Structure formats: C-alpha cells, structure tokens
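Counted the way UniProt numbering counts, the sequence shown spans residues 1 to 388. C-beta: ideal position from N, C-alpha, C; glycine also. These figures come from a predicted structure and were not determined experimentally. Structure, as structure tokens:
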Amino acid sequence: MSVKIEDYYSRETFKKMKGFADDRETPFVVIDTNIIAQAYDELVGNFPFAKIYYAVKANPATEITELLRAKGSNFDIASIYELDKVLATGVEPTRISYGNTIKKAKDIRYFYEKGVRLFATDSEADLRNIAKAAPGSKIYVRILSEGSTTADWPLSRKFGCQPDMALDLLILARQLGLEPYGVSFHVGSQQRDIDVWDAVIAKVKVIFERLREEDGIVLKMINMGGGFPANYMTKTNSLEIYAQEIIRFLKEDFGDELPEIILEPGRSLIANAGILVSEVVLVARKSRTAVERWVYTDVGKFSGLIETMDEAIKFPIWTEKKGELEEVVIAGPTCDSADIMYENYKYGLPLNLASGDRLYWFSTGAYTTSYSAVEFNGFPPLKAYYIS
Ligand SMILES: Cc1ncc(COP(=O)(O)O)c(C=O)c1O
C-alpha cells in the first residue's frame, strides 16, 4: 500500500519538514512543534472542562515541555529525572503528578521535597510509602481496564488494581492521613475501541458511589490517562468522535456535574508532529529466486523504533521513489536479529528502491527519541531536531 503525504501532513508542512531534512545526515527525527501546539488546542477544544497533564515519557524534550508549559499544560511524570527536567523549565510543582505506580520510597520523598502533592498508586506497599514520604498528599488509585486487544500498545496488565482493591486502598489512604482524591485508568495506548472507556468509567462510578455511601469519602477526580489516537497506518476515529463518545459516557454515569477530569495525553499530542528520516543501507534477496526483498535501513528497533515490537505500531513509510511496489521485509542496521521492524505486515516499497534512498517514517514524534538505545552496536541515540 502506498502512503499518501496528504493523509498525514499538509503539503506546506511536509515541504518545510523535508526541506529542513534534505541536507542533514540520517537518521534523525524532525519535529514540527506547531503540530504539537495545534494538537494541544484541539484536545482542549474537545475536552474544554479537562485538565491536561502531558505524559512526559512520550517525548521529554525541553522544546516540547516549554511549549506545553506556556500553553497551560500540567505534567504527568514517571521518574525523578523527568521531574528535574520539567522543573528546570519553570513548571510549578503544583502542576505535576507523579503518575508512576512503581516507585522507590526515596523517590517519593524527592518529589515531596520538590513540592509535588499528587500521587498515583495501585498497591498497599506503595501507598504506605507515600504516607510516610509524602504525608497529607492527594492520592488517586489506578484501576485495571479491559481493552488490551484493541489497543496497539496495551498498558493494562502491569498497572492498576481491581476495583475492590481500589476501594480498600482509598479507605486506607484516609486512615494513613492522605487525601483520597480520585481514580485513574489507562485504556491502553492507541486505543481503537472507544467503548472501552464506557466500561471503565462505569467501574469508576461504582467506586465513587460505594465510597460515598459506605465510608463517607467523597472523591473529586477522575484521571482518564491517555490512549487517544495518533495517525498511523491503521485508521482510527477522529479525536472529535472520541471526545463526543467519552463525554457521553461520563455524563451518563456522573450527570452534568462532573468531577475534576484529568487527561494524560502522550502519543496523540506528539506523534504526528515527527518525521523520522532514514536511509536505505542495503536492499537484498535471500536467494536467486526469492520474491521478497529485505530493506535494511540505518534506523531500527534500537534507535527509536522499539514500538515496532510485534509490529504493534505500524508507522506510515514514504519514499520519493516512484514505481511498481513490491512486498518487503524492513530491518534495522544492528547485528541483532531482533532488529526487524516489519515482516508479517506487508509493506510495499518501489522495486527500484536502492542504497542511499531515503525513507520517511511519518508520525514518529512520540516514543522514539526517548526509547532509543544509547550505544547499541556503537550507534548513537536517535538525533532530534525541533522546528516551528
Ligand atoms: C500513566 C500514563 N499516562 C499517560 C500515558 C500516555 O499515554 P498515550 O501515549 O496513550 O497518550 C502513559 C503511557 O505510557 C502512562 O503510562
């Protein structure tokens, strides 16, 4: 299947990004921060009542965090290192949530000392650590959600707990002198089935009601995580449709007086803003009669494309070469046979594709630079340029 530029970028934007890329050595990702600003505005426009906490793990570049700080975003942080980076851009600690449920007691203390007062949890051990290291803080408990089969990058098994346990934890939070503040979930990244939100919001409602009625605990917040779509090969509904449906689910369960709603977008804000530019190293066949060609390129699983694991994320790949398409296997440059990006999903690339030709991997602004290995096979981490 050939990839059409206009399905992903306006002509002018693509021209600008390609023009910037043309005389630079590959591989690298070029990120247009205008696209991020637009995506942020679109999200706010669709969820005007929500507070946005950008999931910094998607791309922690200061060019992005500074832009989003100026636009009024808050930040979902996964580690003390992200925290330092974001605080250094002038973000107030009151705009930060420690969203990782897996954390050391001393790291909780570090966040607390820096002024952060909002913490996620999903286990008793972590909750007790928070009570000691961050006394009096606001707690939200992450619950498990379904949807792992319809998310391209599922997150629902490792994090979260069953609703019954969430109830226990929120009650314990109060006993430990913390503020039981809300419930969170993440439906899985690049979640294609909007109905998954319906089921999990219904679970949240039960937790809110049970705690109010049986324990006099009034929760104030729902953190709906990420999961909103970026523009890859497999099409999704528009953000507008996601928002309309999710708001309908919220109102069905909570009425017009919604609790505080937090969103933690990563992929949907950043991915479309990036184009990863790579060069074909070799095109080869494995036998005289093999129909299939192997295209080896100078970027791979270890230099930013780890989300091609199990071919989960199917990035659109464009080349300037025109002509008859033939199925290819696409692999990276390292001496590791895991470094194959696509083998089962059949990408078609022109028959005349040759060493030195460039491949443009669209929608690669999120989870590429931050995932890139530091020195595997001696290759440096993926370079990134930010333009606007
Ligand atoms: C706690 C948390 N929030 C938000 C996100 C961002 O999700 P997405 O990239 O699907 O928007 C993640 C992704 O891993 C996450 O772990």
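Ala-202 versus Phe-254, Gly-225 and Thr-364, residue with shortest Cα-Cα distance: Phe-254
Close-in-space but distant-in-sequence residues of the same chain around Thr-62 (CB under 8 Å, 5 per side omitted): Lys-85, Ala-88 and Thr-89
In DSSP terms, what Ala-131 is bridged to: Paired residue(s): none; Ala-131 is not in a bridge.
Simplified DSSP assignment, three categories, for Asp-357: coil
Identity of the residues DSSP links to Thr-121 by a beta bridge: Val-141
Rounded C-alpha distance that separates Ile-330 from Ile-317: 10 Å
For Tyr-40, the first and last residue of its enclosing alpha helix (DSSP H): Note, Tyr-40: alpha helix (DSSP H), 33-46.
Three-state secondary structure assigned by DSSP to Phe-75: In this structure, Phe-75 counts as strand in the three-state DSSP scheme.
Span of the beta strand (DSSP E) around Asp-107: The continuous stretches of beta strand (DSSP E) do not include Asp-107, which lies in the alpha helix (DSSP H) extending over residues 105-113.
Bridge partner(s) assigned by DSSP for Met-233: BP columns for Met-233 are empty, so no partner.
Local conformation of Ile-246 per DSSP, three classes: helix
8 Å Cβ cutoff met for Ser-189 and Ala-120: Their beta carbons are not under 8 Å apart, which means Ser-189 does not touch Ala-120 by this criterion.
DSSP beta-bridge partners of Lys-383: Phe-28
Neighbour-count burial assignment, Ile-31, 16 or more Cβ in a 10 Å radius: buried
Top-ranked residue by Cα proximity to Leu-325, from Leu-353, Pro-93 and Lys-4: Leu-353
Any non-hydrogen atom of ligand 1 closer than 7 Å to Gly-225 Cβ: yes
N-terminal and C-terminal residue of the alpha helix (DSSP H) that Arg-69 is part of: 62-70
Check: Asp-76 C-beta below 7 Å from any heavy atom of ligand 1: yes
Beta-carbon contacts of Leu-176 that lie in its chain and below 6 Å, excluding the five residues immediately before and after: If we look at Leu-176 and ignore the five residues flanking it on each side, its Cβ neighbours are Ala-131.
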